[in-house]
Structures are given as structure tokens and as C-alpha cells.
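Numbering (the working numbering), first residue to last: 286 to 586.
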């Protein structure tokens with residue numbers, strides 16, 4: 286199969302995960318020269334360690350953490366400038382199975398209307414448990430839901446695809462753009478998917494293309510502290526970005542229920558965290574609400 290595909294991997298203080306990911310790609314037949322590694326201002330020696338291991342990987346260095354959106358956008362733009370037909374976004378805490386990329390590209394080659402496709406994503410542990418099999422989007426609630434069941438042994442349509450592993454057609458990016466940098470991280474994949482579908486394109490999951498994911502490697506602490514395992518910033522970003530989704534996709538009167546649904550949920554978060562004594566997290570939710578409402582967005586009608 287003849288095609289040109291760049292694999293973009295984002296690293297932030299996780300060179301050991303990144304090494305394992307790159308090694309699995311090379312084992313699966315992906316040339317080092319087609320791997321674009323974007324370092325997001327790491328302080329753990331990632332750059333020096335990874336430079337020693339790989340001679341041909343394209344290493345892009347950000348001085349600061351540009352977020353999931355900013356870092357991946359830099360990698361995608363680098364790939365676009367070099368004329369790649371396809372771009373594969375891949376989390377650094379993943380391991381790929383042999384043939385995963387050929388299967389994805391093979392399906393993309395069948396229809397120009399297919400904007401992007403994702404593999405079936407399993408947990409690394411246990412490897413038998415599905416982490417993501419695509420997703421549904423309930424427009425009346427502005428609510429995105431992850432699928433954990435495989436709908437068909439053949440590639441099937443989905444309403445949104447996971448940012449953990451996306452193969453996207455470069456030509457589509459000329460029409461829908463890259464990630465919205467306002468998001469930084471979380472829900473940017475849902476937003477991107479909705480923009481692609483709004484542009485008249487389709488999205489699919491390929492259940493025969495397999496990868497494995499160490500979920501939450503960048504956002505969870507190894508030990509449970511006063512605020513739990515999850516960093517309060519994760520809650521801030523989740524709440525803020527859900528409000529971004531409401532503002533971008535739920536302004537029509539038919540979506541009126543979406544707003545009280547989400548704000549009731551946010552209120553429950555605040556109460557729960559206060560009861561648990563996790564004041565930083567309750568404040569993070571409040572801050573997320575405020576930022577979500579006041580941030581200026583580019584909202585196309």
C-alpha cells in the first residue's frame with residue numbers, strides 16, 4: 286500500500302511512555318523519519334533522553350506547555366508543510382498492534398468523504414477491556430458519550446472520535462482547521478469531530494485496527510493526596526470546555542435542556558468536593574464555569 290502518513294506524538298514529562306510508544310511504532314513498520322515528536326516544554330530530561338535513542342525522528346521543541354491542542358497543532362502543521370496525505374495523532378501512552386496503520390489508511394482510501402478514522406482502543410491493563418470504541422453525541426443535551434461496545438466487526442460510523450488515536454485526511458484540515466486552541470486539553474476531539482461532521486464528512490472506527498492505552502498517564506498522580514489522584518486542573522478544563530461546547534453547539538432553543546443539565550451537574554461536583562474536603566477541586570469547578578462563560582470563542586453559525 287502506497288501512501289504518505291506522518292505520526293504525531295506529543296510528549297510532556299513522559300519520555301519513558303514515549304519511548305515505548307515509538308518502539309511499538311517502529312516494530313509495526315512505521316519509519317522513524319515519518320514520526321513527528323513534539324515536546325511540550327518537558328523538565329524531566331525527555332529531550333536529551335529521546336535524542337539519544339532515535340536519530341531520524343523529527344523532534345519539535347516547545348519552550349512551554351502548549352497543551353494537547355497547541356502541541357498537536359504544531360505537529361500537524363509541520364506534517365502539512367511537508368505534504369503528507371494523512372496525519373496520525375497518537376497519545377504517547379499508547380502501544381500499537383502490527384498492521385494498525387495499514388488498516389486505517391485502507392479504509393480511508395475507499396471514500397474521500399471519510400475525514401478521519403480511529404482504531405479500537407483497549408486498556409493496556411487489562412488488554413481485554415475496551416477503553417474507547419468511538420462515541421455518541423446527544424445534541425439535545427450537548428452531551429458526548431463514549432462507546433465501550435464494538436458495533437460491528439467491520440468499520441462503522443461514529444459521531445465523534447477519540448483524540449487518543451486519530452488518522453485524519455490532510456485535505457480535510459484545509460476545510461475544517463486544526464484543534465481549537467481555546468480548549469488546551471479535553472473535549473477538543475469532540476469539537477473537532479462535530480466540525481468535521483458539520484462540514485459534511487464522515488467519521489469511522491476500525492475495530493480490526495488495535496492499539497492499547499495507559500489511560501490518564503499525564504493527568505493522574507501515582508499517590509492519592511488530599512485532593513485525590515486527579516489534578517484539580519483536569520476538573521477546571523473539563524468544566525470550562527463543556528461550557529465551550531454548550532456555547533458553540535447548544536445555542537438553539539431546541540437545545541434548551543442542555544444548559545440546566547450541565548449546570549446541575551457542575552453544582553453537584555462543587556457540593557461533592559466540598560463534602561470530601563477537596564476545596565481546590567470545588568474552586569476549580571467554579572473557575573471553570575467562569576472561564577467557560579467569559580472566554581471569547583470563534584463560533585460559526
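Every residue, glycine too, gets a C-beta built ideally from N, C-alpha and C.
With a minimum length of 4 residues, the unbroken runs of alpha helix (DSSP H) contained wholly in the stretch 470-552 fall at 473-483, 517-534. Unbroken alpha helix (DSSP H) runs of no fewer than 4 residues, entirely contained in the stretch 384-408, are found at 385-393, following chain order.
With a beta-carbon spacing of about 23 Å, residue 409 and residue 317 fall beyond the 8 Å limit used to define contacts. Per DSSP, residue 429 is one residue of the beta strand (DSSP E) stretching across 428-431. A direct Cα-Cα distance of roughly 14 Å separates residue 458 from residue 487. When DSSP states are grouped into helix, strand and coil, residue 297 belongs to the coil group.
Residue 377 sits close to residue 303, with the two beta carbons spaced by under 8 Å. The alpha-carbon separation between residue 497 and residue 432 amounts to approximately 16 Å.
An exposed status is given to residue 484, since fewer than 16 other beta-carbon atoms sit within 10 Å of its beta-carbon. If you check the CB distance, residue 357 and residue 324 do not come in under 8 Å. Using a Cβ distance threshold of 8 Å, residue 353 and residue 473 count as a contacting pair. Residue range 352-366 is occupied by the alpha helix (DSSP H) that includes residue 354. Contact between residue 450 and residue 404 holds: CB atoms are separated by about 5 Å, below the 8 Å threshold. Here residue 489 is near residue 440, since their CB atoms are less than 8 Å apart.
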